[in-house]
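Taking it in order: structure first as C-alpha cells, then the write-up.
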Amino acid sequence: MISEAGGGGEPVFALFACCIPVKGARRSTLCDVQRGSFQFIPNGLYEILTEHAGKTAAEIKAAYDHEYDEEIDEYLEFLLRHEFGFWCDNPAKFPPLDLTWEAPERITNAILDVDARSDHDYARILAELDDLGCKALEVRCFHGCALAELRAILEAARYGRLRSIDLLVGDGPELTPEALADLAARHGRVSSVVVHSAPEARRLPPSRTGVVVEYWTERIGSPSCCGKVHPGYFVVELETFAEGQRHNTCLNRKISVDARGEIRNCPSMARSFGNLRETSLHSALAHRDFAALWSINKDQIDICKDCEFRYLCIDCRAYLKDERDLYSKPSKCAYDPYTAEWRSPAERPAPAGIPKGAPE
Amino acid sequence: MEKDPEGLFARLSPEGQELSPVIYRHLHPRATRATVLRMAESRPYRATGYVCGSFRKPISRCLGPDEPR
Amino acid sequence: MDWLEALGGRCVRLNGDDIEGRAALRFEVADGEVSLGFAAGGFELPLSEIGAVWFRRWLYERRHERVDLLDPAADNHTLHHELRRHLSLESRRLSDFIYSRFDHLPWLSHPRRSSLNKLDVLQRAARAGLATPATLVTTEREALRHFCAERGTVITKPIGEVDAFVEGEVSHFLFTTALGLPEIDALPERFAPSLFQEMVDKVYELRAFYLAGELHAMAIFSQNDEQTRVDFRQYNRRRPNRNVPYRLAPELAARLRGLMDDLGLETGSIDLMVARDGREVFLEVNPVGQFGMVSRPCNYQLERKVAELLLRKEEDGKRP
Numbered sequence: 001m002i003s004e005a006g007g008g009g010e011p012v013f014a015l016f017a018c019c020i021p022v023k024g025a026r027r028s029t030l031c032d033v034q035r036g037s038f039q040f041i042p043n044g045l046y047e048i049l050t051e052h053a054g055k056t057a058a059e060i061k062a063a064y065d066h067e068y069d070e071e072i073d074e075y076l077e078f079l080l081r082h083e084f085g086f087w088c089d090n091p092a093k094f095p096p097l098d099l100t101w102e103a104p105e106r107i108t109n110a111i112l113d114v115d116a117r118s119d120h121d122y123a124r125i126l127a128e129l130d131d132l133g134c135k136a137l138e139v140r141c142f143h144g145c146a147l148a149e150l151r152a153i154l155e156a157a158r159y160g161r162l163r164s165i166d167l168l169v170g171d172g173p174e175l176t177p178e179a180l181a182d183l184a185a186r187h188g189r190v191s192s193v194v195v196h197s198a199p200e201a202r203r204l205p206p207s208r209t210g211v212v213v214e215y216w217t218e219r220i221g222s223p224s225c226c227g228k229v230h231p232g233y234f235v236v237e238l239e240t241f242a243e244g245q246r247h248n249t250c251l252n253r254k255i256s257v258d259a260r261g262e263i264r265n266c267p268s269m270a271r272s273f274g275n276l277r278e279t280s281l282h283s284a285l286a287h288r289d290f291a292a293l294w295s296i297n298k299d300q301i302d303i304c305k306d307c308e309f310r311y312l313c314i315d316c317r318a319y320l321k322d323e324r325d326l327y328s329k330p331s332k333c334a335y336d337p338y339t340a341e342w343r344s345p346a347e348r349p350a351p352a353g354i355p356k357g358a359p360e
Numbered sequence: 361m362e363k364d365p366e367g368l369f370a371r372l373s374p375e376g377q378e379l380s381p382v383i384y385r386h387l388h389p390r391a392t393r394a395t396v397l398r399m400a401e402s403r404p405y406r407a408t409g410y411v412c413g414s415f416r417k418p419i420s421r422c423l424g425p426d427e428p429r
Numbered sequence: 430m431d432w433l434e435a436l437g438g439r440c441v442r443l444n445g446d447d448i449e450g451r452a453a454l455r456f457e458v459a460d461g462e463v464s465l466g467f468a469a470g471g472f473e474l475p476l477s478e479i480g481a482v483w484f485r486r487w488l489y490e491r492r493h494e495r496v497d498l499l500d501p502a503a504d505n506h507t508l509h510h511e512l513r514r515h516l517s518l519e520s521r522r523l524s525d526f527i528y529s530r531f532d533h534l535p536w537l538s539h540p541r542r543s544s545l546n547k548l549d550v551l552q553r554a555a556r557a558g559l560a561t562p563a564t565l566v567t568t569e570r571e572a573l574r575h576f577c578a579e580r581g582t583v584i585t586k587p588i589g590e591v592d593a594f595v596e597g598e599v600s601h602f603l604f605t606t607a608l609g610l611p612e613i614d615a616l617p618e619r620f621a622p623s624l625f626q627e628m629v630d631k632v633y634e635l636r637a638f639y640l641a642g643e644l645h646a647m648a649i650f651s652q653n654d655e656q657t658r659v660d661f662r663q664y665n666r667r668r669p670n671r672n673v674p675y676r677l678a679p680e681l682a683a684r685l686r687g688l689m690d691d692l693g694l695e696t697g698s699i700d701l702m703v704a705r706d707g708r709e710v711f712l713e714v715n716p717v718g719q720f721g722m723v724s725r726p727c728n729y730q731l732e733r734k735v736a737e738l739l740l741r742k743e744e745d746g747k748r749p
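Residue numbers (the working numbering), protein chains in the order written: chain A, 1 to 360; chain B, 361 to 429; chain C, 430 to 749.
Here's what the structure looks like:
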C-alpha cells in the first residue's frame with residue numbers, strides 16, 4: 001500500500017491524472033487511460049472526486065455532515081486498492097492531464113471498400129494516402145477476395161508511410177489460415193485479418209508479431225453493417241480519450257473510397273466529394289465541407305452527452321436514430337444512459353440503409 | 361526480483377571473480393526477447409491487434425457483439 | 430518525423446543499421462563534393478542539403494558483437510575476440526567520420542558531449558545545488574560496512590551504463606541491486622572497484638525531459654510493485670507503474686537548468702527520486718534519453734516541440 005508521505009499537515013487524497021472520472025446520467029465511469037480499463041463508480045463518488053478534490057478525508061466527511069463516513073472510507077479504500085489514487089502532500093505538484101489532441105497527419109485513417117465489380121488503382125490510392133500522412137488503413141472486401149488481389153494491395157503499400165493495415169475479407173477457398181499467416185508474415189504492416197461469411201467461427205492464436213487472424217460467420221455484404229456500438233468497441237486510451245473531447249472519434253481525419261470509387265467521409269455517408277476517376281483524395285479533402293463533421297463530438301449529441309461511456313465510445317454519424325437530426329445518437333447503440341441498461345438484441349433496430357439526407 | 365544463486369558470477373574463473381565489481385554477483389537473468397519488446401504494448405482490442413501501437417482505435421465497426429469474441 | 434513534415438521540413442532517418450551494411454552504403458568523394466547514399470527507400474543524400482541533425486542512438490546492438498564470427502564457432506576464443514575488437518574499431522571509425530561530416534551543422538545533441546561520466550555528473554549536480562545520494566566507490570569491504578552503518582541500506586550499480594550480457598536466450602542484466610548486511614559480509618575483504626549509493630527511501634520517482642531550457646516532468650509511482658521497487662526499468666507489463674504529469678518547483682527547475690548548461694547539453698532526460706522526507710534527489714542524466722516515455726503518458730506533445738526546435742535550429746544555422 002502506498003503509505004502517507006511525511007511532512008506537516010494531513011495529506012489529501014488525489015486521483016492519478018490518468019484516472020479520469022466521467023459522469024453519466026445514472027452512474028459514472030472512472031477511466032484509466034494508462035492501463036486501458038474503466039470501472040463504474042456511483043455518481044456520489046464522482047461528486048466527491050470533483051467537487052471535493054484536494055481535500056483531506058476528514059474534510060470530505062465533514063462536507064457531508066458526517067452522514068456518509070463509512071461509505072467515504074470504503075470509496076477511498078477502493079480507490080487506493082485499485083491504484084486509482086494516492087495520499088498526496090502537495091497536490092499543486094500533480095496537475096491534471098492536458099487533454100489537447102493534435103496530430104501532424106492530415107488524414108490519420110482510411111477505409112477502402114472493394115467488391116467484385118471494383119476497379120481500383122491501388123498504387124495511386126496508396127500513394128495519395130501516403131501524401132496525406134495516413135497511418136492506418138482498413139480494407140473491406142465484401143466479396144470472396146482472391147489472395148492475389150490482397151497481395152496487390154499490400155505490395156502497393158510496401159514503401160509507404162502506413163503503419164497498420166486491417167483486412168476484412170469474404171471467405172474463399174484460398175484464404176486458409178496458412179495462406180493468411182504467410183501473407184501477414186510477408187507484409188509486416190498487416191495488423192489483423194478478419195474473414196467474414198465463413199462457415200465456422202475461428203480465432204487463431206496471434207502470430208509472433210501479434211497479428212490476429214479470425215474467421216466470422218457473419219456476412220458483411222456492404223457498408224451498412226458498420227456503425228456498431230457496444231463495449232467490445234470501447235477504447236480506453238489517452239489518445240482517443242483526448243481526441244473525443246473535441247472531435248468525432250470515428251470521422252476525425254478519416255477519408256474513404258467506396259467500392260465504386262466515390263470519396264466520402266466514410267463509405268456509409270451519403271455525400272460524395274468526387275470519384276477517384278476524376279478527383280484526387282487531396283482535392284476531395286480540400287473541399288470546404290469535407291471536415292464539417294470532424295468536430296461533432298459526443299458532448300453535442302443528444303443522449304450520448306449524458307452517457308458515461310461518451311469518451312470511450314467510437315461514434316457513428318452515418319446511421320442515426322433520427323435520420324433527419326445530425327445530432328441524434330447512433331441507431332445501432334442499444335444503451336440507455338438514463339436507465340443504465342442495454343436493450344435486448346430483439347429490441348435493437350435493424351441495420352439502417354445508407355441515409356438519404358446529406359449533412360448541412 | 362530474480363536473483364540467480366547459480367548465476368553467471370559462479371561460472372567465472374577465480375581471476376574473473378577477482379576482476380568483477382560487486383554488482384556481477386547480483387545479475388538479473390531475463391529472457392532476451394523481452395527486452396526488445398519491452399516498450400511495445402499490443403492490446404487485444406476486439407478482432408485486431410495493433411502491433412505497432414500507433415493507431416489504437418477501430419477504423420470501422422462492422423462485426424457484432426453476438427458473435428464470439 | 431511526422432511533425433517535421435507537417436511543419437514544412439523535410440527529413441530523412443539514418444539508423445546505425447544502415448551504416449552496418451543492412452542497406453547498401455555508398456559514400457563518395459568526387460571533385461570535392463561528398464555524398465551519402467543508401468539503398469533502402471532509394472534516396473541520395475547530398476550533404477549540402479542537410480540543415481540540422483538530431484541524434485538519438487547509434488548502433489545500440491552491433492551485429493558483429495552478437496554472431497559467431499568463426500566457422501566452426503568459437504573454438505578459439507582469443508581469435509574470436511580479436512576479430513570482434515577490430516570490427517568494433519572499424520565501425521567506430523566510420524561513425525566518427527560520418528559525424529564529423531556534419532560538424533558544421535547544428536546538432537541536438539552532439540554525441541561527443543553525450544558520453545557523460547556518471548560520477549562527474551553527480552559532482553556537478555551537487556555543485557549546482559541539487560541533492561544527490563551519498564555515493565562511494567571502493568575496493569574495501571570495511572569501507573563499505575562503514576558506509577552502510579552510516580547511510581542505512583545500500584545499493585550497488587555499474588559505474589557506467591546499465592548493460593546486459595547476452596547468453597543466447599537469456600540475458601544477464603546489471604540492474605541496480607540492494608545489498609543487505611549478509612551480502613556485504615559474504616564479500617571478500619577486497620574486490621574490484623565498485624559503486625555504492627545510499628538507498629533513497631523513495632515515495633516516487635521523477636523523470637524530466639529537458640529541451641532547450643524547458644523541463645517536462647513526469648512522476649513514476651513504483652512502490653507498490655516489488656519488481657520495480659528498486660529499479661523501475663524492470664518493467665511490469667501486466668500492471669504498469671503509474672506515470673503522471675508533475676510540476677517541478679521553480680528552484681529545482683532552475684538548478685537542473687544550471688546543471689544542463691554546465692554539461693553543455695541542450696536535451697536529455699533527468700532522473701530524480703522524491704524521498705519520504707520530501708527531498709528531491711538527483712540521480713542521473715541521460716543525454717539521449719527517450720522522451721516518448723514521458724511524452725506519451727503525459728500528453729506533452731514533445732515530438733512536436735523537438736520538430737519545432739530542429740526547424741528553428743536549421744533556420745538559425747542558415748543566417749550568416
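Backbone N, C-alpha and C define an ideal beta-carbon position, used for all residues, glycine too.
Notebook entry, point to check: Of the residues that make up the region 575-601 of chain C, which ones have a beta carbon closer than 8 angstroms to any beta carbon in chain B?
Noted result: Only T585, K586, P587, I588, A593, F594, V595, E596, G597, E598, V599, S600 and H601 from the region 575-601 of chain C bring a Cβ to less than 8 angstroms from some Cβ of chain B.
Note to self: Short of 6 angstroms in beta carbon distance, which residues of its chain neighbour R203(A), apart from the five on each side in sequence? Order them along the chain.
What the structure shows: E214
Checklist line | Between the CA atoms of A57(A) and A14(A) - distance to the nearest angstrom | finding: 11 angstroms
Next item on the list: Drop a sphere of 10 angstroms on the beta-carbon of N728(C), count the other beta-carbons inside from all chains shown, and report buried for 16 or more, exposed for fewer.
Entry: buried
Next item on the list: List the residues of chain B whose Cβ lies closer than 8 angstroms to the Cβ of S698(C), in chain order.
Entry: Near S698(C) there are no residues of chain B at all, since even the closest Cβ is about 14 angstroms away, more than 8 angstroms.
Next item on the list: Closer than 8 angstroms, Cβ to Cβ, to anything on chain A: give me those residues from the region 703-731 of chain C, in chain order.
Entry: R705, D706, G707, R725, P726, C727, N728, Y729 and Q730
Notebook entry, point to check: What separation, rounded to the nearest whole angstrom, lies between the Cα atoms of K631(C) and E83(A)?
Noted result: In a straight line, the C-alpha of K631(C) is about 17 angstroms away from that of E83(A).
Check: Is the number of C-beta pairs between the region 134-145 of chain A and the region 107-115 of chain A that are closer than 8 angstroms three or more?
Finding: yes
Checklist line | Closest residue to R671(C) among F86(A), E67(A), E51(A) and V229(A) (Cα-Cα distance) | finding: F86(A)
Note to self: Buried or exposed for T29(A), going by 16 or more other Cβ atoms inside 10 Å?
What the structure shows: Classification of T29(A): buried, given that the 10 Å Cβ count is 16 or more.
Next item on the list: Please report the residue range of the alpha helix (DSSP H) in which L547(C) lies.
Entry: A small fix is needed here, since residue 547(C) is Lys in this sequence, not Leu. Note, K547(C): alpha helix (DSSP H), K547 to R556.
Check: Does the beta-carbon distance from T582(C) to M628(C) come in below 8 angstroms?
Finding: In this structure, M628(C) lies closer than 8 angstroms to T582(C) by Cβ.
Item checked: Proximal residues of chain A, C-beta to C-beta of R421(B) below 7 angstroms -> C226, G227, K228, Y233 and I314
Checklist line | DSSP-derived helix/strand/coil call for S283(A) | finding: In this structure, DSSP gives S283(A) a helical state, which the three-state scheme calls helix.
Note to self: Looking at the ligand ZN, does it come within less than 7 angstroms of E67(A), judged from the CB to the closest heavy atom?
What the structure shows: Summarising the ligand content, the structure contains no ligands, and the ligand ZN is consequently not present.
Next item on the list: Going by DSSP, name the residue or residues bridged to R619(C).
Entry: R619(C) is bridged by DSSP to E569(C).
Margin query: Is it the case that the region 224-237 of chain A contacts the region 309-323 of chain A, given that we only count it when at least three CB pairs across the two stretches are under 8 angstroms?
Written below: As far as the Cβ criterion goes, the region 309-323 of chain A touches the region 224-237 of chain A, which means the pair count is three or higher.
Margin query: For Y664(C), would you say it is in contact with chain A, using Cβ-to-Cβ distances shorter than 8 angstroms as the test?
Written below: Unreliable placement is indicated for Y664(C), whose pLDDT of 48 sits below 50; no coordinate value is reported for it.
Margin query: For P330(A), report the span of its beta strand (DSSP E) as first-last.
Written below: In the DSSP assignment, P330(A) falls outside any beta strand (DSSP E) and carries neither an H nor an E.
Check: Excluding sequence positions up to five away, which residues of its chain have a Cβ less than 7 angstroms from the Cβ of R189(A)?
Finding: Excluding five sequence positions before and after R189(A), the CB atoms of its chain that fall closer than 7 angstroms to its own CB belong to A157, L162, R163, S164 and I165, given in chain order.
Note to self: One question on the structure: do K93(A) and R676(C) come within less than 8 angstroms of each other, judged by their Cβ atoms?
What the structure shows: yes
Note to self: Run through the DSSP bridge pairs and tell me what E102(A) is partnered with.
What the structure shows: In DSSP, E102(A) forms no bridge with anything.
Margin query: I'd like the list of long-range same chain contacts for P404(B), defined as Cβ closer than 6 angstroms, with 5 residues on each side in sequence excluded.
Written below: Residue confidence for P404(B) is low, a pLDDT of 27 falling below 50, so the modelled location carries little weight; the figure read from the coordinates is stated next. For P404(B), where only same-chain residues beyond five positions count, there are no Cβ hits under 6 angstroms.
Next item on the list: Find the residues of chain A that neighbour P418(B), judging by a C-beta separation of less than 7 angstroms, and give them in chain order.
Entry: Y233 and I314
Notebook entry, point to check: Which residues in chain C sit within 7 angstroms of S380(B), going by Cβ to Cβ distance?
Noted result: Within 7 angstroms of the CB of S380(B), the CB atoms of chain C belong to A621, in sequence order along the chain.
Notebook entry, point to check: Taking Cβ-Cβ distances shorter than 9 angstroms, what residues in chain A pair up with V629(C)?
Noted result: Result: empty, since nearest Cβ-Cβ is about 14 angstroms, beyond 9 angstroms.
Next item on the list: Could you tell me if Q552(C) is buried or exposed, where buried requires 16 or more neighbouring beta carbons within 10 angstroms of its beta carbon?
Entry: exposed
Checklist line | DSSP-derived helix/strand/coil call for G85(A) | finding: strand
Item checked: Assumed close pair Y639(C), I649(C) - CB separation to whole angstroms, cut-off 8 angstroms -> With a Cβ gap of about 17 angstroms, Y639(C) and I649(C) do not count as contacting.
Next item on the list: Count the other C-beta atoms from every protein chain shown that fall within 10 angstroms of the C-beta of H515(C), then say buried if there are 16 or more, exposed otherwise.
Entry: exposed
Note to self: Let me check understanding here. Comparing Cα to Cα, which of V169(A), P337(A) and L326(A) lies closest to L149(A)?
What the structure shows: For the sequence presented, residue 149(A) should be read as Glu rather than Leu. Considering only alpha carbons, the answer is V169(A).
Item checked: As assigned by DSSP and simplified to three states, the class of K23(A) -> strand
Next item on the list: Leaving out five residues on either side along the sequence, give the residues of the same chain with a beta carbon under 7 angstroms from the beta carbon of F49(A).
Entry: Per the sequence shown, residue 49(A) should be read as Leu rather than Phe. Cβ neighbours of L49(A) within its own chain (closer than 7 angstroms, five residues either side excluded): L15 and P21.
Check: Cα-Cα, which of E71(A), A103(A), S37(A) and D65(A) is closest to G44(A)?
Finding: E71(A)
Checklist line | Beta-carbon neighbours of T507(C), restricted to chain B and to distances below 7 angstroms | finding: Within chain B, no residue comes near T507(C); the closest Cβ sits about 15 angstroms away, beyond 7 angstroms.
Checklist line | Same chain, Cβ closer than 6 angstroms to L447(B), neighbours up to 5 away in sequence not counted | finding: In the structure displayed, chain B extends from 361 to 429; residue 447(B) sits before or after that span and is not available.
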